[in-house]
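Working notes, structure below.
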Amino acid sequence: MPKLPQLTSLKRRATREGWGQWIRSEADERALLAGMVFDQRRVNRVENFGLKLLRLCEGPAAGTPFTWMDWQREDLFGPLFGWIKPSADHGKMIRRYDRVYCEVAKKNGKSPTGAFIGLYMLCGDEEPGAKVFSASTTREQAGIVHNHAVMMAEASPRLMDLLDINKTTKTIAHPESNSTYRALASMATANEGLNSNAIICDELHAWYGRDLWDCLKWAFASRAEPILFSITTAGDSTESVCYEQHSYAKSIAAGDILDLGFLGLIYAAGENDKDNDPKTWAKANPSLGITITLDRFKQDYDEAKVRPSTLAAFRRYRLNRWGCSDTAWLPPAAWDSCADDYTPEDLEGHICWAGLDLATVRDLSAFVLVFPGEHEDEDPDADPYYRMLAWHWLPEATAEEYRNRLSIDEWVARGWLEITPGDVTDFGFIRRRILEVNAMYDLREIAFDIYKAEQFTAALENEDGIPRAEFPQTIVHFAEPTSECERLICSGRMLHNTNGLLSWQARHVEVRTDANGNKRPIKPKPNDVRKVDGMVAMIMAFGRAHKQNINQWPDADDYDVQIG
């Protein structure tokens, strides 16, 4: 946006009046041009409501005034209540923001934050007949923030003089203004016509479906200054309403979308941030040192890093990383320890086996080579090392669809992903690349899924002389190579050259285990943007490489495997 003389004049005025520091983005500059200003007096009034009327109710600070933490003042409450805009419909200045999305790791004060919003909007905002709700798709979740508000009110004698609390109906009433604050958990059809001025959506990542969300969005039609306030930890499902809001907030922050009424805050570890770095911890935990101590946080990490399932939960709930499944197959630290500095040229002419996971229509396709290596250490009885190289392809139309949700452009720029032209998988493009790979390496065999790649691999074999091996997608055939891959990765002997797209898949790929402990990778639902095709292709390639090169185990038909 050009620096117009009008904008320069408005920014100078803001500086003279003492609120120039609140102009932080191009969106704020556009807000200035639209007649919006910042009123510090409004912020002071809301802050004083907490200091004079509210008391914290849990932990060492219980009984003390509700004092804003730095991030709450600077990033959340300050902008939310300070920025105002002219309204011709209501004939006064009203709040700029009517929607808030706040994503932060657990133990950063989400419940007190939501309760503060609820209680202020009930009796501090001077809205006659206010209707405030804490909402979720389950009664238990909806009650968490509301119950916290009840406890905060009960801890404050001054506030209890103003409110009536009915725990049976989960209602807090402010009789003077005829206002109520209730917990809300039911289907959307029962909640039409709510006419609310504030709704606190707690742990949005745990909401199932979108009916309730779509209903609540339209509950503010007659209110001058409503707030739809969502506060949550990162989730697992990228098909959820929560991830939709997460992506929208990121697009606004990046400047791709202009929405002057949406306040989005995301505190999370970056894709390349290290799990054990205190700087990473602070990025996802703005309340670190206040609501949770650094020593306790370190203890949690030290415990999690030696237990794969706990580490996945640590990454999601403590570092606020999306898509980190609680049932992830591989410990992230183990996969990271397998990173090695080699290039495709370093392996030129070497013997390898391939795994091909071919998309049927318009999804991700993967081709992974596994190179059996030498023992490379002094112990002749040690397992050999393996190295891998990976290629991925995505149709142009699908790449465009995923661009705002995944690191598509980075993957392409780093050479980890190739975009094929058109709306569907371009098999000719992929075939030409495989032929180039075949010319560069001593490719012994391609493992393939007969249901998706029979004709494709038949052409490679009959016309180009590349041998192929059918690899049925059953637990019978995946069991042994999946378990052996896991063992080698955890021992640091299944090396990768830091392919970021493959590493992204490694962090969320899950396995299914049958009653006998046999494992196989499972794919997310078709519409889930998380993909694991490269990991599946890796296991297929390793299965053939290990079987043919080492001959360590019998045919799959000889396994005593229970299919699950």
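Residue numbers (our numbering): 637 to 1200.
All C-beta atoms, glycine included, are put in the ideal place defined by N, C-alpha and C.
Return the chain-ordered list of same chain residues with a C-beta closer than 8 Å to the C-beta of residue i, the five sequence neighbours on each side being excluded.
{"i": "GLU1046", "result": "GLY1136"}
{"i": "MET646", "result": "For clarity, residue 646 is Leu in the given sequence; the question names Met instead. The answer, listed in chain order, is LEU668, LEU669."}
{"i": "ALA969", "result": "ASP911, LYS941, LEU947"}
{"i": "TYR903", "result": "TRP707, GLU739, VAL740, ALA741, ASN744, LYS919, ALA920, ASN921, PRO922, ASN956"}
{"i": "GLU861", "result": "ILE730, ARG731, ASP734, ASP761, GLU763, ASN833"}
{"i": "GLU718", "result": "Correcting the residue type first, residue 718 is Gly in the shown sequence and not Glu. Once the five neighbours on either side are set aside, the close Cβ partners of GLY718 are TRP655, TRP658, PHE674, ASP675, GLN676, ARG678, VAL679."}
{"i": "LEU1079", "result": "CYS988, TRP989, ALA990, LEU1005, VAL1073, ILE1102"}
{"i": "VAL682", "result": "PHE713, PHE717, TYR756, GLY760"}
Quick one: what's got a C-beta closer than 7 Å to residue i's C-beta in the same chain, skipping five residues either side?
{"i": "PHE752", "result": "GLY686, LEU690, PHE702"}
{"i": "VAL1060", "result": "VAL997, ARG998, PRO1031"}
{"i": "THR825", "result": "Confidence is the limiting factor: at THR825 the pLDDT is only 44, short of 50, which leaves the residue's position unreliable and the question unanswerable from this model."}
{"i": "PHE950", "result": "ASP936, TYR937, ALA940"}
{"i": "TRP1273", "result": "As displayed, the chain neither begins before 637 nor continues past 1200, which places residue 1273 out of reach and without an answer."}
{"i": "ALA1173", "result": "GLY991, LEU992, ASP993, ALA1002, PHE1003, VAL1004"}
{"i": "ASP1019", "result": "LEU1124, SER1127, ARG1129"}
With 16 as the cutoff for other CB atoms within 10 Å, does residue i come out buried or exposed?
{"i": "HIS726", "result": "exposed"}
{"i": "ALA1075", "result": "exposed"}
{"i": "TRP854", "result": "exposed"}
{"i": "GLN777", "result": "buried"}
{"i": "GLN1141", "result": "buried"}
{"i": "LEU894", "result": "exposed"}
{"i": "ILE863", "result": "buried"}
{"i": "GLN642", "result": "exposed"}
{"i": "GLU1120", "result": "buried"}
{"i": "LYS934", "result": "exposed"}
{"i": "GLU662", "result": "exposed"}
{"i": "GLY714", "result": "buried"}
{"i": "ASN1154", "result": "buried"}
{"i": "ASP602", "result": "With the chain covering 637 to 1200 only, the question about residue 602 has no answer from this structure."}
{"i": "ALA890", "result": "exposed"}
{"i": "HIS1156", "result": "Note on identity: in this sequence residue 1156 is Arg, with His being the wrong assignment. By the 10 Å Cβ count, ARG1156 comes out buried."}
{"i": "ASP838", "result": "buried"}
{"i": "ILE1111", "result": "buried"}
{"i": "TYR756", "result": "buried"}
{"i": "TYR1087", "result": "exposed"}
{"i": "LYS1167", "result": "buried"}
{"i": "GLU852", "result": "The question names Glu, yet the displayed sequence has Leu at residue 852. With 16 or more other Cβ atoms within 10 Å, it is buried."}
Going by beta carbon distance, what residues of the same chain come within less than 6 Å of residue i, once the five residues before and after it are set aside?
{"i": "ARG954", "result": "ALA741"}
{"i": "MET1176", "result": "GLY991, ALA1083, PHE1107"}
{"i": "TRP958", "result": "ALA870"}
{"i": "MET787", "result": "CYS693"}
{"i": "ALA995", "result": "SER1001, THR1061"}
{"i": "PRO1117", "result": "ILE1175, PHE1178, GLY1179"}
{"i": "LYS688", "result": "none"}
{"i": "ALA785", "result": "ALA751, GLY754, LEU755"}
List the whole-angstrom C-beta distance separating residue i from residue j, where the pair is believed to meet the contact cut-off of C-beta under 8 Å.
{"i": "ALA990", "j": "GLU1081", "result": "7 Å"}
{"i": "ILE1044", "j": "ALA1033", "result": "Rounded, the Cβ-Cβ distance is 12 Å, inconsistent with contact."}
{"i": "LEU899", "j": "VAL736", "result": "5 Å"}
{"i": "GLY750", "j": "SER770", "result": "7 Å"}
{"i": "ALA791", "j": "GLY699", "result": "6 Å"}
{"i": "ARG1050", "j": "ASP976", "result": "Not really, about 17 Å apart at Cβ, beyond 8 Å."}
{"i": "LEU830", "j": "LYS728", "result": "Not quite, the Cβ-Cβ distance comes to about 24 Å (not below 8 Å), so this is no contact."}
{"i": "GLU816", "j": "THR807", "result": "The sequence as given places Thr at residue 816; Glu does not occur at that position. About 6 Å separates the two Cβ atoms, so the contact holds."}
{"i": "CYS988", "j": "PHE1003", "result": "That belief does not hold up - the Cβ atoms of CYS988 and PHE1003 are roughly 11 Å apart, past 8 Å."}
{"i": "GLU1146", "j": "TRP965", "result": "6 Å"}
{"i": "ALA821", "j": "THR774", "result": "6 Å"}
When you compare the segment 854-869 with the segment 730-740, are there three or more beta-carbon pairs, one atom per stretch, that lie closer than 8 Å? yes
Is it a yes or a no for the segment 794-811 touching the segment 846-866, going by three-plus beta-carbon pairs under 8 Å? Contact between the segment 794-811 and the segment 846-866 is absent, because fewer than three Cβ pairs lie under 8 Å.
Where are the beta strand (DSSP E) runs, 3 residues long or more, that stay fully inside the segment 724-791, in chain order? 728-731, 735-739, 767-771
Counting Cβ pairs closer than 8 Å, one from the segment 915-932 and one from the segment 1118-1132, do we hit at least three? no
Length at least 4, wholly inside the segment 1022-1052: the alpha helix (DSSP H) runs in chain order: Listed in chain order, the alpha helix (DSSP H) runs fully inside the segment 1022-1052 are 1032-1038, 1044-1049, counting runs of at least 4 residues.
Can you list the beta strand (DSSP E) stretches of 3 or more residues lying completely in the segment 795-853, in chain order? 800-802, 807-810, 815-820, 834-838
Could you tell me whether the segment 657-676 touches the segment 716-723, using the rule of 3 or more Cβ pairs below 8 Å? Segment contact: the segment 657-676 against the segment 716-723, three or more CB-CB distances shorter than 8 Å; contact assigned.
3 or more residues per run - each beta strand (DSSP E) lying fully within the segment 954-1015: Runs of beta strand (DSSP E) with 3 or more residues, each lying fully within the segment 954-1015, are found at 987-993, 1001-1008, listed in chain order.
Uninterrupted alpha helix (DSSP H) stretches inside the segment 693-719 (no shorter than 4 residues): 714-718
Are three or more beta carbon pairs between the segment 1156-1164 and the segment 1087-1103 nearer than 8 Å? no
My parser needs the beta strand (DSSP E) runs of 3 or more residues fully inside the segment 1064-1099; what are they? 1078-1084
Would you mind listing the beta strand (DSSP E) stretches within the segment 873-926 that are 3+ residues and don't spill past its ends, in chain order? Entirely contained in the segment 873-926, the beta strand (DSSP E) runs reaching 3 residues are, in chain order, 898-902.
Which parts of the segment 1135-1179 are runs of the alpha helix (DSSP H), unbroken and 4 residues or longer, counting only runs that do not cross its ends? 1136-1142
Residue ranges of each alpha helix (DSSP H) run of no fewer than 4 residues wholly in the segment 641-685, ordered along the chain? 641-652, 662-669
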